[in-house]
């Protein structure tokens with residue numbers, strides 16, 4: 007394999023690594039955003055259960 011072919015392959019690998027890292031950052035941010043959203047929903051749900059009257063004691 008010639009030197010220019012090796013350099014081209016290394017450049018392509020670097021491009022792919024950058025592309026993959028960018029995608030992973032997007033996926034991670036999305037996952038963290040969804041986690042935060044579900045935590046908020048879960049805490050809101052727990053708050054509403056605590057505030058609702060308990061009918062089980064009747």
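Numbering (my numbering), first residue to last: 7 to 64. Glycine included, each C-beta is placed from N, C-alpha and C at the ideal position.
- Task: Consult DSSP for residue 8 and reduce its assignment to one of helix, strand or coil.
- Result: coil
Q) Taking the alpha-carbon positions, what's the residue 22 to residue 57 distance? A) 52 Å
* Taking only the alpha-carbon atoms, compute the straight-line gap between residue 14 and residue 33 and give it to the nearest angstrom. => 29 Å
Rounded to whole angstroms, what is the Cα-Cα separation between residue 7 and residue 16? 13 Å
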